[in-house]
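Protein chains in written order, with UniProt numbering: chain P, 1 to 403; chain S, 1 to 403.
Just so it is clear, CB atoms sit at the ideal spot from N, CA and C, and this is done for glycine as well.
Notes for the one structure printed next.
Next comes the structure, spelled out in structure tokens:
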């Protein structure tokens, strides 16, 4: 761990006697190469609710007793599925029943399940031109090649989707979308576009997988359109949810929502019947937070924290970036997506940022493009340090472009 | 839930004000069909360490702080991998390093990983004549057909294994074994047989998957032979471990051990890099128990409890069963495996047991055979009730055979 990173850890964690915080042998990406870490989509440790989760585990074990440690109900405890179904029904205005929910070991496991249970090896999976790199890896690890479908500022182009499906003669594994606070672009697909994409998919009988990990992270108080799953009445769509971005990734807790028939089919897989709920004890800890309002209180606080971070980064970049580098302010999620109109190699921008002490994610990680793209995560760094990082980035890139 | 089951729950749980214990909407198999549940391989709720785990989660969150909630190190926190490697080294007398360990979301996820990462769809997986039914389902769910290889009282027959591999022209996904306190037969494969099986597998380059979920549950103080993995110097073998049988299945925490090269290859899969350690927070809770001796203390206590249950069941069965029904006393694990020498249909034995109020597992769940087989789990029921169940079973089956 660099001296800077250690200092950052101390600053964010506040006064503490815990010696083992955020050590490289415990967490992923423990030792960042640069002092400012705007690369990975991690939550800052100052945003992780340690006391809340300690209390939640304690309550779950007290309240559910040994039932919190047994083999969980195959599809997940009814209390949690009912709470998740209720939330979706309320937010989207379209009914969702507990039978439509499966509790999963995060989006990772859910996506892997869909890949192995519902697609045939070799079937192409259609994705946005830029899409979540590790989601794509899970898909290709399952033997399904990805095919990018172009889009615009409102998301994937329905006509291009239709052409892509037709060109594969309908033999498509599924369509993978991330329509709300998209990773990496930040785009929210408008309702009308959602409906168009759903119509194309339905016409060709192509399953839609909606990765909605950022859905609850609107940062401006606005609400996103109903989920693709809800708009489709939960037919032909599997929506993936996660507590990794709203509570803590270490919980490895997520869920999926679809129609009851498909949920029932998926839960007969060996992965569920052999041990039941895929993350049972933790799922009951989170259940207590959903029930008593602790989750919603945390979510409201987290949104204000993330909004302050987004604004701290965006304000300085707006003022200081060379005019050839632009971005749209995202309404939620973790990321700013920078687009360069200059003739500059993406690698040169990344290298210049790194020399300035700022780790960033090269756009090439998320898909192919002609002009440079950079993803900046504002989720892992304090507002003050984000402003500093933005100054450093802007200065470095001015030099790259003008120098 | 039946009146009997509710009474059982109250009896086992001791005095408690917790209303939600072991309700059907929370746990798998919540509502048994019979008052006496000797079918599933569950741990009795009285054996699940609620207070120990509450304390463990609290300590992990205090000690590791936010690092317990972040994305875990891809292969699992070093503290846990080091502890697991050290245990294996000590027990087997053959060195195992932390780099050889991957923390998994239970055996289920580990087995699924092996099936999808290391075998090609359609490759047959070789299994014992009788083997863990849900393990087999995970394998077949991954598109790998299972092929039974016959054996004897010492486990799989090496010559039969050689013939099976040859008959598939070497195109074998892997060999799936459960050599220590086998589910369902209770067999411990002796060291010499282990070495013979390993030689055959190595000669043909067939990967061995060693499901060792019951390895730490020796009930007579004796020690099993070294694991297949250790005997092979961790080459060509993947050993699956689990805390589901020794602590609690709801934790969904397990691990695998193999050589460092293969462990490194597996950890590059999307499932690990997308979120890191597959059950991070829980893995650190268990880490604290391994470190402070709490796990070993619990294990010693659990072994005495399981031994008392095994003996309560076996003693009455020995005295009362019709002579045509026999079993060998298992040295560990959860199960008695009954073999009938009579001309009686297995279904008739199961039905007679059910009418007498005792749920049992028909042998056909675990493989094919000519004469009836029944698996009885002594893990889920108190000694007193196991003795009662044994009386009921013996009386019912005497009537079935003599009536």
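Can you give me the C-alpha to C-alpha distance between residue i and residue j, rounded to a whole angstrom?
i                      : j                      : result
residue 209 of chain S : residue 53 of chain S  : 30 Å
residue 290 of chain S : residue 234 of chain S : 23 Å
residue 66 of chain P  : residue 176 of chain P : 39 Å
residue 161 of chain S : residue 395 of chain S : 40 Å
residue 59 of chain P  : residue 288 of chain P : 7 Å
residue 70 of chain P  : residue 248 of chain S : 6 Å
residue 348 of chain P : residue 273 of chain S : 26 Å
residue 143 of chain S : residue 171 of chain S : 14 Å
residue 141 of chain P : residue 119 of chain S : 13 Å
residue 152 of chain S : residue 149 of chain P : 57 Å
residue 191 of chain P : residue 245 of chain P : 23 Å
residue 402 of chain P : residue 56 of chain S  : 57 Å
residue 366 of chain P : residue 137 of chain P : 11 Å
residue 68 of chain S  : residue 225 of chain P : 34 Å
residue 342 of chain P : residue 325 of chain P : 7 Å
residue 369 of chain S : residue 362 of chain S : 11 Å
residue 308 of chain P : residue 301 of chain S : 52 Å
residue 11 of chain P  : residue 75 of chain S  : Residue placement at residue 11 of chain P cannot be trusted, given a pLDDT of 40 that sits under 50; what the coordinates show is reported in the next sentence. Rounded to the nearest angstrom, the two C-alpha atoms are 28 Å apart.
Is the Cβ of residue i closer than 8 Å to any Cβ of chain S?
i                      : result
residue 58 of chain P  : yes
residue 50 of chain P  : yes
residue 39 of chain P  : no
residue 141 of chain P : yes
residue 224 of chain P : no
residue 385 of chain P : no
residue 121 of chain P : yes
residue 280 of chain P : yes
residue 394 of chain P : no
residue 378 of chain P : no
Does any C-beta atom of chain P lie closer than 8 Å to the C-beta of residue i?
i                      : result
residue 182 of chain S : no
residue 96 of chain S  : no
residue 249 of chain S : yes
residue 7 of chain S   : For residue 7 of chain S, the predicted structure reports a pLDDT of 39, less than 50, and the residue's modelled location is therefore unreliable. The matter cannot be settled from this model.
residue 71 of chain S  : yes
residue 297 of chain S : no
residue 173 of chain S : no
residue 26 of chain S  : yes
residue 138 of chain S : yes
Let me check one thing: in DSSP terms, what residues is residue i bridge-paired to?
i                      : result
residue 211 of chain S : S:240
residue 148 of chain P : P:127
residue 176 of chain S : S:209
residue 337 of chain P : P:375
residue 37 of chain S  : S:359
residue 287 of chain S : The partner list for residue 287 of chain S (beta bridge, DSSP) is empty, contrary to what the question assumes.
residue 156 of chain S : S:151
residue 27 of chain P  : S:72
residue 257 of chain P : P:101, P:239
residue 325 of chain P : P:340
residue 331 of chain P : DSSP, once it has assigned bridges, lists no residue as partnering residue 331 of chain P.
Considering only the beta carbon of each residue, do residue i and residue j sit closer than 8 Å?
i                      : j                      : result
residue 397 of chain P : residue 373 of chain P : no
residue 147 of chain P : residue 126 of chain P : yes
residue 236 of chain S : residue 207 of chain S : yes
residue 406 of chain P : residue 378 of chain P : Outside the modelled stretch of chain P, which goes from 1 to 403, sits residue 406 of chain P, for which no answer is possible.
residue 254 of chain P : residue 106 of chain S : no
residue 227 of chain P : residue 239 of chain P : yes
residue 259 of chain S : residue 214 of chain S : no
residue 158 of chain P : residue 200 of chain P : yes
residue 103 of chain S : residue 279 of chain S : yes
residue 281 of chain S : residue 251 of chain S : no
residue 380 of chain S : residue 37 of chain S  : yes
residue 303 of chain P : residue 219 of chain P : yes
residue 356 of chain P : residue 392 of chain P : yes
residue 387 of chain P : residue 286 of chain P : no
residue 117 of chain P : residue 108 of chain S : no
residue 72 of chain S  : residue 27 of chain P  : yes
residue 33 of chain S  : residue 293 of chain S : no
residue 123 of chain S : residue 173 of chain S : yes
residue 178 of chain S : residue 131 of chain S : yes
residue 98 of chain P  : residue 82 of chain P  : yes
| Segments of 3+ residues assigned as beta strand (DSSP E) that fall wholly inside the region 219-250 of chain P | 237-242
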